[in-house]
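Shown next, in structure tokens, is the structure this report addresses.
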Amino acid sequence: MTGFELRDCQIDIIKKVTASLHPIIPLPTGSGKTIIAAAVIDDAVKADQHVIFVVHRRELVIQASEKLLGNGVDVDRMLCPHPESGKVDARILDHSGAVYRHGYPDDEIDWVLSPDEKAVNQSEVTRAGGHRRELTSCPRCDAVRMEGEGCRVCGWSPETRPLYLEVGDGELGRVERDRGAPTSTQWSTAEQLAFYRQLMWIARQRQYRDGWAAHMFRERCGRFPRWKWNRAEPAPPGGAVTAWVRSRNIAYAKAMGASR
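This is how it looks when you write it as structure tokens:
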């Protein structure tokens, strides 16, 4: 790399990154994360590989791209649509559901400098129905505190209960501005037929009874499939359909176990 020199600790981190298949390396502020990324990207580009550098805010996109360019790394940026400059469309692939936790990249943020206050995403507040934290009491000493915050009198802190996270195969889908996804009743005829063909494939592979695919289609779409669709050729199921069928089988097994 040109334009800067790497510290020994940064070189060690780069070695860890390149030696791992899916590395996750948390680094504190001031440790040179962007410079480390620039070195990793430079090596990857020289090896004829493609790199995507992801940040979650427009300001960070500009800041990171300037640092990368300043260190000799050519970058292209994907920002939100900007009709004034002729950029009218942008597509964001969100594999982790970050939009549900942090909002959209083009949401306006009320940034604050006070350590006692938090930045507010006004658009996210609006989508959440305008709920704001209220005063409550500490369960240990009854002192007044804000919801979600610890007690400044006795030091009690709220604990987040661990949640079971079920991981399964899936497919990317469109998320609307209200953070909802198109329902099965909004599927086009072609999408419904594709779904039914995948159900027919599963039924044939697993030797399910006749009519299983039609009843599963009805459960998902609210009506039975068209009769002529039974003459269609079954199609290998995608991850989303396989995961949905698995979830219905699990739900059925639990219901049968509870009835015994």
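In this note's numbering, the protein residues as written are 69 to 328.
Heads up, the beta-carbon is just placed ideally off N, CA and C, and yes, glycines get one too.
These figures come from a predicted structure and were not determined experimentally.
When you compare the CB positions of Gln131 and Ala107, do they come within less than 9 Å of one another, or not? As a first step, residue 131 must be located in the sequence shown, where it is residue number 63. As a first step, residue 107 must be located in the sequence shown, where it is residue number 39. When the beta-carbon positions are compared, Gln131 and Ala107 stay at least 9 Å from each other.
For the beta strand (DSSP E) containing Leu267, name the first residue and the last one. Position 199 of the sequence shown holds residue 267. Looking at the DSSP string, Leu267 is not in any beta strand (DSSP E); the run it does join, the alpha helix (DSSP H), is 257–274.
Since I believe Pro207 is in contact with Arg265 (beta carbons under 8 Å), could you give me their beta-carbon distance rounded to a whole number of angstroms? As a working note, residue 265 is residue 197 in the sequence shown. As a working note, residue 207 is residue 139 in the sequence shown. With 8 Å as the limit, Arg265 and Pro207 do not qualify as a contact, their Cβ atoms being about 55 Å apart.
With a threshold of 8 Å on Cβ separation, who are the neighbours of Trp312 within its own chain once the five nearest residues in sequence on each side are excluded? Walking along the sequence shown from the start, residue 312 turns up at place 244. Closer than 8 Å at the Cβ level, and outside the excluded window around Trp312, lie Arg288.
Compare the Cα-Cα distances from Arg314 to each of Gly279, Gly290, Arg274 and report the closest residue. As a working mapping, residue 314 is identified with position 246 in the sequence shown. Among Gly279, Gly290, Arg274, the Cα nearest to that of Arg314 is on Arg274.
Between the beta-carbon of His122 and the beta-carbon of Val113, is there less than 9 Å? As a working note, residue 122 is residue 54 in the sequence shown. As a working note, residue 113 is residue 45 in the sequence shown. Sequence check: residue 122 is Val here, not His. Val122 places its beta carbon 9 Å or farther from that of Val113.
Going by Cα to Cα distance, which pick from Ser99, Ala105, Ala281, Asp175 is closest to Pro91? Residue mapping note: residue 91 aligns to position 23 of the sequence shown, counting from 1. For the options Ser99, Ala105, Ala281, Asp175, the alpha carbon positioned closest to that of Pro91 is the one of Ala105.
Any idea if Val129 is buried or exposed, counting beta-carbon neighbours within 10 angstroms, 16 or more meaning buried? Working through the sequence shown from its first residue, we reach residue 129 at position 61. Classification of Val129: buried, given that the 10 Å Cβ count is 16 or more.
Who are the Cβ neighbours of Ile93 in its own chain at under 8 Å, not counting the five residues just before and after it? Walking along the sequence shown from the start, residue 93 turns up at place 25. Cβ-Cβ distances below 8 Å link Ile93 to Ile81, Lys84, Val85 in the same chain, with the five nearest sequence neighbours on each side left out; the list follows chain order.
Pairwise C-alpha distance: Gln254 and Arg24: Residue 24 is absent from the structure shown; the chain starts at 69 and stops at 328.
Quick one, are the C-beta atoms of Leu261 and Ala281 less than 9 Å apart? Within the sequence shown, residue 261 is the residue found at index 193, counting from 1. Within the sequence shown, residue 281 is the residue found at index 213, counting from 1. No, they are not a contact pair.
Could you give the DSSP three-state label for Asp123: helix, strand or coil? Position 55 of the sequence shown, counted from the start, is the residue given in the question as residue 123. This sequence places Val at residue 123; Asp is not what is there. Three-state DSSP puts Val123 in coil, outside helix and strand.
How big is the Cα-Cα spacing for Gly71 and Tyr172? Within the sequence shown, numbered from 1, the residue matching residue 71 stands at position 3. Within the sequence shown, numbered from 1, the residue matching residue 172 stands at position 104. Bear in mind that a pLDDT of 46 at Gly71, under 50, signals an unreliable position, so the number given afterwards is only what the model happens to contain. Gly71 and Tyr172: Cα-Cα distance of roughly 34 Å.
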